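Participant: Attaching a single structure in structure tokens format; questions to follow.
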Amino acid sequence: MLPYRHIKIFLINSCLALCLTILLYTHSVYAVTAMKANIATSENTTIFYLRLNQKPDGVKKFILNNPDRIVLDIQHLEWHINDKIPSHGVIKRIRFGKNNDNGRIVFDVTQKITTTNIDISPHSSVSGSYLLKLTLYHSKNAFDLNTILKNQTQKNLSQATNTKSEHAATSTKENFYSKHQFKSIKRRSPNDIIITIDAGHGGNDPGATSLSGFKEKNIVLDFSKELANSINRQNGMQAILTRDNDFFIPLDERPMIASHYKSDVFISIHADALKDKNFSGSTVYTLSDTASDEIAAQIAESENQSDIIAGVNLTNQNPEVTDILIDFMRRETDIASYELAENLVQKLQKSTSMVASPHRKAGFRVLKSPNIPSVLIELGYLTSIDDERRLTNPEKRRTMINNMIFAIKNWHHQRQLSGH
Ligand SMILES: [Zn+2]
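In my numbering, the protein residues as written are 1251 to 1670.
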């Protein structure tokens, strides 16, 4: 048996350890301190930076009107900033107060703000600290991607018209975006899912050619039209075709057409050629900076050549859209595209021959729409006899189309359930 003295020491030690744990825990919970704040502005944004000693557990953000203000509630935040933060950009005044356990920062703003973004990441130069970055997008430059993209296209077109290049003239003449200025396609119902279907290649750019002489541009056009007709027969869905005939559309304009119609989905349809004639089956591609494998890289490279083959004057191409506003929208879109691709693979593989690992990734230019979930489907490879047979068989095409529609519906339903 232990002597009484030992039990006593043991109890005191345990008690001390417990108190120390509670103390440390409370300390870490309450130790979110705001140490430094400053504001930076650009033409379209005002950014508020706050240096914190640790990553907060919870941050909530509200936008309030009359008067216009943004509120940040940060769990257990203590304000250790003595200097007054001068007004800058759209931020007129910053106030701090306690709201129960939370620290509340209120930003009085000079104009209505509808879009904001918060990012908290480790501080790049003060080790152990975190930097909270709150971006306020100025409403004057409305958060309207369609306007941004449209302005860029129009700028592009006027540049193309001004140049004497024969190629540029051809591309302008064949330009869907200008020539077909959205014909008479009307949205049937504001609640419909809009699916833009992009038949790859066209006009001067035939794409791949099969062993028996079928051209990719025709095979994918027929397939796209059939898919669009089937979609239009569904309740709650409407299809838009980027091209309904044999003409070429520059790569960058294809997602813009989807954007013009405020599409929910963009699907580019292809049937390419590969060096390996035994490679066959369908593949679903999503956008990625790095290709998932060698074949994906090869396909993306050949697809991205389309403009050169069709004779588009590349000096008039859009600059990369690198606006901060588009960057953060991209993340959300990438997730949605990924989920769509997974759904398509799951449904298609029930009845269609697919390649091994059928969801692949690469840097396709046509998939760069920042706000519309986009996938590129290689229906098959025209270098394979099996795929050529499959794609020219109406019954097999019908099965693929039904499964694709099923996948889109399923994906949309899942997104609705998760609050999108
Ligand atoms: Zn292609």
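Cβ coordinates follow ideal geometry from the N, Cα and C atoms, glycine included.
All values derive from a computational prediction rather than experimental measurement.
Which word fits S1668, buried or exposed, when buried means at least 16 other C-beta atoms lie within 10 angstroms of its C-beta?
Facilitator: Translated into positions along the sequence shown, residue 1668 becomes position 418. When all chains shown are included, S1668 counts as exposed.
Participant: Given a cut-off of 8 Å, decide if L1384 and I1331 are closer than it, judged by their beta-carbon atoms.
Facilitator: In the sequence shown, the residue the question calls residue 1331 occupies position 81. In the sequence shown, the residue the question calls residue 1384 occupies position 134. Going by C-beta atoms, I1331 is not nearer than 8 Å to L1384.
Participant: Measuring from each Cβ to the nearest heavy atom of ligand 1, keep the ones under 6 Å and list them in chain order.
Facilitator: G1450, H1451, G1457, E1466, H1520, D1522 and E1553
Participant: Taking the CB atoms as reference points, tell me whether V1605 and T1533 lie closer together than 8 Å.
Facilitator: On the sequence shown, residue 1605 is found 355 positions in, with the first residue counted as 1. On the sequence shown, residue 1533 is found 283 positions in, with the first residue counted as 1. Cβ atoms of V1605 and T1533: closer than 8 Å.
Participant: According to DSSP, which residues form a beta bridge with R1610?
Facilitator: Against the sequence shown, residue 1610 aligns to sequence position 360. Answer is Y1535.
Participant: Please name the residue in T1649, L1327, N1482 and I1363 whose C-alpha comes closest to that of I1341.
Facilitator: Looking up residue 1341 in the sequence shown gives position 91. Selected option, being the one with the closest Cα: I1363.
Participant: Count the C-beta pairs between the segment 1622 to 1633 and the segment 1516 to 1531 that are closer than 8 Å, then say yes if the count reaches three, no if not.
Facilitator: yes
Participant: With a CB to CB cut of under 7 Å and the five nearest residues on each side skipped, what residues in its chain are close to R1580?
Facilitator: For the purposes of this step, residue 1580 is taken as residue 330 along the sequence shown, with counting starting at 1. Contacts found: P1620.
Participant: If you count every other CB in all the chains shown that lies within 10 Å of the CB of T1671, and 16 or more means buried, which is it?
Facilitator: One cannot answer for residue 1671 here, as it falls past the ends of the chain, which runs 1251 to 1670.
Participant: Return yes when the Cβ of N1653 is within less than 8 Å of the Cβ of K1597, no when it is not.
Facilitator: Here residue 1597 is taken as the residue at index 347 of the sequence shown, counted from 1. Here residue 1653 is taken as the residue at index 403 of the sequence shown, counted from 1. Taking a C-beta distance under 8 Å as the contact criterion, K1597 and N1653 qualify as a contact pair.
Participant: Quick one: what's K1465 bridged to in DSSP?
Facilitator: In the sequence shown, residue 1465 corresponds to position 215, counting from 1. DSSP lists T1459 as partners of K1465.
Participant: State the beta-bridge partners of Y1588 as determined by DSSP.
Facilitator: Numbered from 1 along the sequence shown, position 338 holds the residue referred to as residue 1588. BP columns for Y1588 are empty, so no partner.
Participant: Does DSSP put D1636 in a helix, a strand or coil?
Facilitator: Numbered from its first residue, the sequence shown carries residue 1636 at position 386. D1636: helix per DSSP, three-state reduction.
Participant: Which runs of the beta strand (DSSP E), 3 residues or longer, sit entirely within the segment 1506 to 1553?
Facilitator: Complete beta strand (DSSP E) runs here, min 3: 1515 to 1520 and 1532 to 1537.
Participant: Given a cut-off of 8 Å, decide if S1607 and F1516 are closer than it, judged by their beta-carbon atoms.
Facilitator: The count along the sequence shown starts at 1 and reaches residue 1516 at position 266. The count along the sequence shown starts at 1 and reaches residue 1607 at position 357. F1516 is not a Cβ neighbour of S1607, given a cutoff of 8 Å.
Participant: Return the CA-CA distance between E1589 and S1371, expressed in angstroms with no decimal places.
Facilitator: Looking up residue 1589 in the sequence shown gives position 339. Looking up residue 1371 in the sequence shown gives position 121. The alpha-carbon atoms of E1589 and S1371 are separated by roughly 26 Å.
Participant: For the beta strand (DSSP E) containing D1369, name the first residue and the last one.
Facilitator: In the sequence shown, residue 1369 corresponds to position 119, counting from 1. In the DSSP assignment, D1369 falls within the beta strand (DSSP E) that extends over I1363 to P1372.
Participant: In chain order, what residues of the same chain have a beta carbon less than 7 Å from the beta carbon of G1453, not counting five sequence neighbours either side?
Facilitator: Here the question's residue 1453 lines up with position 203 in the sequence shown. Excluding sequence neighbours, G1453 sits near E1424, D1496, F1497, F1498 and A1560.
Participant: Roughly how many whole angstroms lie between the Cα atoms of Q1666 and N1315?
Facilitator: Residue numbering aside, residue 1666 sits at position 416 when the sequence shown is read from its first letter. Residue numbering aside, residue 1315 sits at position 65 when the sequence shown is read from its first letter. Q1666 and N1315: Cα-Cα distance of roughly 28 Å.
Participant: Using the Cα positions of N1660 and V1359, report the straight-line distance between them to the nearest angstrom.
Facilitator: By 1-based counting over the sequence shown, the position of residue 1660 is 410. By 1-based counting over the sequence shown, the position of residue 1359 is 109. The alpha-carbon atoms of N1660 and V1359 are separated by roughly 42 Å.
Participant: Going by CA-CA distance only, name the one from R1504, T1602 and I1335 that's closest to K1646.
Facilitator: The residue given as residue 1646 occupies position 396 in the sequence shown. When only C-alpha atoms are compared, the closest one is T1602.
Participant: Going along the chain, which residues of its own chain have a beta-carbon closer than 7 Å to the beta-carbon of I1469, five neighbours each way excluded?
Facilitator: The count along the sequence shown starts at 1 and reaches residue 1469 at position 219. The answer, listed in chain order, is A1521 and L1641.
Participant: For A1657, does the three-state DSSP call read helix, strand or coil?
Facilitator: Numbered from 1 along the sequence shown, position 407 holds the residue referred to as residue 1657. Look at A1657 here: in three-state DSSP terms it is helix.
Participant: Is the separation between the beta-carbon of S1634 and that of K1467 shorter than 8 Å?
Facilitator: Locating residue 1634 in the sequence shown gives position 384, counting from the first residue. Locating residue 1467 in the sequence shown gives position 217, counting from the first residue. Contact flag unset, no.
Participant: Comparing C-alpha positions only, which one of Q1361, A1489, G1457 and K1436 sits nearest to I1443?
Facilitator: Within the sequence shown, residue 1443 is the residue found at index 193, counting from 1. Of the listed residues, the one whose Cα sits closest to I1443 is A1489.
Participant: Judging by CA-CA distance, which residue of R1504, A1657 and S1292 is the nearest neighbour of Q1618?
Facilitator: For the purposes of this step, residue 1618 is taken as the residue at position 368 of the sequence shown. Gln is not the amino acid found at residue 1618; the sequence shown has Lys there. The candidate whose alpha carbon is nearest that of K1618 is R1504.
Participant: State yes or no: is the C-beta of Y1387 within less than 8 Å of the C-beta of T1295?
Facilitator: Your numbering for residue 1387 matches position 137 in the sequence shown. Your numbering for residue 1295 matches position 45 in the sequence shown. It is a contact, given that the beta carbons lie within the stated cut-off.
Participant: Identify which residue in F1473, K1465 and W1329 has its Cα closest to the Cα of T1649.
Facilitator: One-based indexing of the sequence shown puts residue 1649 at position 399. Among F1473, K1465 and W1329, the Cα nearest to that of T1649 belongs to F1473.
Participant: So, helix, strand or coil for Y1427, using DSSP?
Facilitator: If you number the sequence shown from 1, residue 1427 lands on position 177. With a pLDDT of 49 at Y1427, under the threshold of 50, the modelled position of that residue is not reliable, and no figure is offered here.
Participant: Using the three-state DSSP reduction, which class does L1641 fall into: helix, strand or coil?
Facilitator: For this step, residue 1641 is matched to residue 391 along the sequence shown. In this structure, L1641 counts as helix in the three-state DSSP scheme.
Participant: In terms of residue numbering, what span does the alpha helix (DSSP H) encompassing F1560 cover?
Facilitator: Along the sequence shown, one-based indexing puts residue 1560 at 310. The displayed chain sequence assigns Ala, not Phe, to residue 1560. From DSSP, the alpha helix (DSSP H) with A1560 extends over S1556 to A1560.
Participant: Just to confirm, are G1308 and W1329 a CB contact at a threshold of 8 Å?
Facilitator: Translated into positions along the sequence shown, residue 1308 becomes position 58. Translated into positions along the sequence shown, residue 1329 becomes position 79. No, these two residues do not count as a Cβ contact at 8 Å.
Participant: Can you give me the start and stop residues for the beta strand (DSSP E) that A1284 sits inside?
Facilitator: Here residue 1284 refers to the residue found at position 34 of the sequence shown. A1284 -> beta strand (DSSP E) spans V1282 to T1291.
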